[in-house]
Ligand SMILES: [Zn+2]
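In this note's numbering, the protein residues as written are 7 to 150.
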């Protein structure tokens with residue numbers, strides 16, 4: 007079920023313009039274009055719901071395995087010390103999880119909870135995002 011007023015539902019129809027690295031009947035994984043952090047992915051359900059309390063048993067069961075594979079994929083393409091995950095759903099009330107690699111080069115003030123104040127502009131160059139998506143797609147294909 008989709009919601010016509012939802013930005014995430016609308017963008018799933020257009021496949022996020024080449025940002026999608028994995029999808030199955032329940033879930034979709036795409037690269038974020040909101041910052042210049044390469045390897046910053048977003049996991050979102052195909053169905054419109056606010057949080058996992060509204061997920062079906064099948065969606066919940068698939069989610070844990072998918073999150074683990076996305077993290078393995080990120081570790082295989084980005085040299086990072088941590089992978090941050092969080093969901094807020096304030097701007098767009100469609101469940102989505104931010105999965106963000108924290109590299110050695112990330113300034114201290116953006117580490118931990120500081121990641122929330124990381125600048126959303128400029129975004130990474132399109133060519134770099136596409137290259138990252140290709141590498142992640144290959145990594146995920148090996149994991150599924
Ligand atoms: Zn939606």
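Where a beta carbon is used, it is the ideal one built from N, C-alpha and C, also for glycine.
What are the boundary residues of the alpha helix (DSSP H) that includes residue i?
i: residue 43; result: That residue, residue 43, is in no alpha helix (DSSP H); it is neither H nor E in DSSP.
i: residue 14; result: 13–19
Among the options, whose alpha-carbon lies nearest the alpha-carbon of residue i?
i: residue 60; options: 76, 99, 145 and 150; result: 99
i: residue 124; options: 23, 43 and 20; result: 43
i: residue 25; options: 149, 150, 133 and 148; result: 133
i: residue 95; options: 108, 78 and 56; result: 56
i: residue 73; options: 140, 129 and 29; result: 29
i: residue 97; options: 9, 14 and 8; result: 14
i: residue 118; options: 75, 22, 92 and 9; result: 92
i: residue 141; options: 23, 76, 62 and 16; result: 76
i: residue 86; options: 110, 64 and 10; result: 110
Please report the residue range of the beta strand (DSSP E) in which residue i lies.
i: residue 84; result: Here residue 84 belongs to no beta strand (DSSP E), and DSSP marks it neither H nor E.
i: residue 141; result: No beta strand (DSSP E) contains residue 141, which is instead part of the alpha helix (DSSP H) from 132–149.
i: residue 106; result: 103–108
i: residue 27; result: 26–29
i: residue 121; result: Element bounds for residue 121: n/a, residue is neither H nor E.
i: residue 55; result: Taken as a continuous stretch (DSSP letters only), residue 55 belongs to no beta strand (DSSP E), as it is neither H nor E.
i: residue 88; result: 88–92
Just to confirm before moving on: does the CB-CB distance between residue i and residue j stay below 8 Å?
i: residue 112; j: residue 68; result: no
i: residue 81; j: residue 12; result: no
i: residue 146; j: residue 79; result: yes
i: residue 41; j: residue 83; result: no
i: residue 108; j: residue 89; result: yes
i: residue 35; j: residue 27; result: yes
i: residue 37; j: residue 135; result: yes
i: residue 58; j: residue 71; result: no
i: residue 39; j: residue 143; result: no
Checklist entry - Quick one: any contact between the region 43–51 and the region 101–113, if contact means 3 or more CB pairs under 8 Å? => result yes
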